[in-house]
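K.L.:
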Amino acid sequence: EVKLVESGGGLVQPGRSLKLSCAASGFSFNDYWMGWVRQAPGKGLEWIGEINQDSSTINYTPSLKDKFTISRDNAQNTLYLQMSKLGSEDTAIYYCARAPYWGQGVMVTVSS
Amino acid sequence: DIVMTQAPLSVSVTPGESASISCRSSKSLLHSNGITYVYWYLQKPGKSPQLLIYRMSNLASGVPDRFSGSGSETDFTLKISRVEAEDVGIYYCGQLLENPYTFGAGTKLELK
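The listed protein sequences derive, respectively, from chains L and H.
At the far end of the first sequence sits residue 112, using my numbering, and the numbering has no gaps.
At the far end of the second sequence sits residue 224, using my numbering, and the numbering has no gaps.
Structure below.
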């Protein structure tokens, strides 16, 4: 069973950075592309980007590429999302994805 | 980016009746490998989206066979036969053919 557990969310001040983690289990992590999706409160789904198996290719939604950095550690079966210069518009639930499967998500609230 | 347009935005259904949700893509989602990369998700209140249908017409594991997906290269339909109370939520279509992956705005299903 594919299991994806996000962590690292919480309340962060505007302009600060935050790094999310996703612990993967139930499959061979280093065989799959992995990605992140987010959902602002009461809004739809927004794909952030994805990373290939050996981290040689990372694709971002163009409008978000300057704010987010996706990385992975295959030895630890862990995916990361580094977020920088956060604003209120980044308040959302962030989901880890092994498309088409998603985790339960972690809430990030950007507020002073 | 590929635009996914869902209709209707909301639907009210009597338990035991059927419901259909439409989704249209701005570009063909048929890959040269013969696979159509459209997916359907259900987001129940307070939960993360769960996969219902993958690659246009394949039922995800554990999903009741009351759900079915069909379509062409750009027009897709999710049908729910014999709607039950547990089917309430927001339904999203999404395309996983081309980066950035994109999703419809969602269709809210309620019971009459």
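Here a beta-carbon is modelled for each residue, glycine too, at the ideal position from N, C-alpha and C.
Please read these numbers as outputs of a predicted model, since none were measured by experiment.
Measure the alpha-carbon distance for threonine 214 of chain H versus isoleucine 114 of chain H and round it to whole angstroms.
P.N.:
When rounded, the distance between both Cα atoms is 7 Å.
K.L.:
Can you confirm whether tryptophan 36 of chain L, when its beta carbon is compared against all beta carbons of chain H, has any partner nearer than 8 Å?
P.N.:
No, tryptophan 36 of chain L does not count as interfacial toward chain H.
K.L.:
Measuring only between beta-carbons, confirm whether serine 160 of chain H sits less than 8 Å from chain C.
P.N.:
Here chain C cannot be found, since the structure's protein chains are L and H.
K.L.:
If I follow the unbroken beta strand (DSSP E) through phenylalanine 179 of chain H, where does it start and stop?
P.N.:
From DSSP, the beta strand (DSSP E) with phenylalanine 179 of chain H extends over 179 to 183.
K.L.:
Quick one: residues in its chain with C-beta nearer than 8 Å to the C-beta of proline 14 of chain L, no 5 flanking neighbours on either side, listed in chain order?
P.N.:
Here the set comprises Leu86, Gly87, Ser88, Val110, Ser111 and Ser112.
K.L.:
Whose C-alpha, out of L:Tyr95, L:Val108 and L:Met107, is nearest the C-alpha of leucine 4 of chain L?
P.N.:
If we check each option's Cα against that of leucine 4 of chain L, L:Tyr95 comes out closest.
K.L.:
Would the beta-carbon of aspartate 19 of chain L fall within 8 Å of that of glycine 8 of chain L?
P.N.:
At residue 19 of chain L the sequence reads lysine, which differs from the aspartate that was named. It is a contact, given that the beta carbons lie within the stated cut-off.
K.L.:
To the nearest angstrom, report how far apart valine 125 of chain H and glutamate 198 of chain H are at their CA atoms.
P.N.:
Cα-Cα distance, rounded: 12 Å.
K.L.:
Please report whether the beta-carbon of isoleucine 94 of chain L lies at a distance below 8 Å from any beta-carbon of chain H.
P.N.:
Inspection of the sequence shows that residue 94 of chain L is occupied by tyrosine rather than by isoleucine. No, its Cβ sits nowhere closer than 8 Å to a Cβ of chain H.
K.L.:
Should asparagine 52 of chain L be flagged as near chain H, meaning a C-beta pair shorter than 8 Å?
P.N.:
Asparagine 52 of chain L does not count as touching chain H.
K.L.:
Looking only at C-alpha atoms, which of H:Glu185, H:Asp177 and H:Gln207 sits nearest to glutamate 196 of chain H?
P.N.:
The option with the nearest alpha carbon to glutamate 196 of chain H is H:Asp177.
K.L.:
So, does the CB of threonine 214 of chain H fall closer than 8 Å to a CB anywhere in chain L?
P.N.:
Answer yes: the Cβ-Cβ gap between threonine 214 of chain H and chain L drops below 8 Å somewhere.
K.L.:
Could you check where the beta strand (DSSP E) with leucine 4 of chain L kicks off and where it finishes?
P.N.:
Taken as a continuous stretch (DSSP letters only), the beta strand (DSSP E) holding leucine 4 of chain L covers 3 to 7.
K.L.:
Just curious, the beta strand (DSSP E) that alanine 92 of chain L is in, first and last residue?
P.N.:
Taken as a continuous stretch (DSSP letters only), the beta strand (DSSP E) holding alanine 92 of chain L covers 92 to 98.
K.L.:
Which two residues bound the contiguous beta strand (DSSP E) that contains tyrosine 60 of chain L?
P.N.:
58 to 60 is the extent of the beta strand (DSSP E) around tyrosine 60 of chain L.
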